[in-house]
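Single-structure report; data block below.
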Amino acid sequence: MLKGFVFDLDGVITDTARFHYQAWAKIAKDELGITINPSVNEQLKGVSRMDSLNVILRFGNQENRYTESQKAQFATEKNDYYISLISHMTPSDILPGMKQFLDDIKAGGYGISLASASKNAPRILTGLGLTDYFDAIVDPATLHRGKPDPEIFARGAALLKIAPSEAVGLEDAVAGIQAIKAAGEFAVGIGDPKLLHQADLNFTTTADVALPKIVDAFMAAHPVQ
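The numbering used here puts the first residue of the sequence shown at 8, with every later residue one more than the last.
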């Protein structure tokens, strides 16, 4: 029986990739004298803050120029600027269809939790005006392993006090889909179905996501004995 939904944030509910790019581009240019481009940005997606900085330094042939302490400072400056950017997020930054989808889930009486690796997720939800939709938010600081490990999605279901088999996880990344499946949950992929082929159900865009389709697919995968 379907009882709850466990959401990833970035690429599912909103898109903060452009803010990460703006912040890294500013630090790269102002502090390092490096001008990054969209191809570099592609290498930064889903990568930790320090690993992202190292990608930029390699791109600018500066990987051995700075101490670990200096690099930590650059990373901190980037995060501070990123936070200043996301502080201006509003409900207009919710991806198409997601507000209605959340309304439908709430109306259906399902639990909703957030399973984002971003420590800024609560701040982002506040800006989007969506905090009240979520019954629980996984604290990434309490996790031992990142995606594709199932820990974050397993925790998302546990916080809703439901079994993994009673949960649907939503993701836009391959590692996220793998994490959902490893947790024993029903996986909904949002994006290229060829890339997210391990998902149980795919929607090409957030605007296509529909609760009745998910419920039907979930029930078909969990026939009543």
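Note that the Cβ used here is the ideal one computed from N, Cα and C, for glycine as well.
Of the candidates T42, L218 and S99, L218 places its Cα closest to the Cα of I112. Judged by DSSP in its simplified three-state form, N71 adopts coil rather than helix or strand. Taking 8 Å as the cut-off, the beta carbon of V195 is found no closer than this to the beta carbon of G183. Judged by DSSP in its simplified three-state form, L177 adopts strand.
By the Cβ neighbour-count rule, K85 is buried, with 16 or more other Cβ atoms within 10 Å of its own. Ranked by how close their Cα comes to the Cα of Y89, the residues R56, D110 and L109 have R56 in first place. Under DSSP, T133 shares a beta bridge with no residue. For N48, no beta strand (DSSP E) run applies; the uninterrupted alpha helix (DSSP H) run containing it begins and ends at P45 to L51, by DSSP. DSSP places F141 outside both helix and strand once states are collapsed to three, so it counts as coil.
Distance check between G118 and each of R65, A174 and G134 places A174 closest, using alpha-carbon atoms only.
Taking the CA atoms as reference points, S46 sits about 29 Å from G134. In the three-state DSSP reduction, I101 falls in the strand class (E or B).
When rounded, the separation of the alpha-carbon atoms in Y73 and H27 is 22 Å. Among the bridge pairs identified by DSSP, T23 is matched with none.
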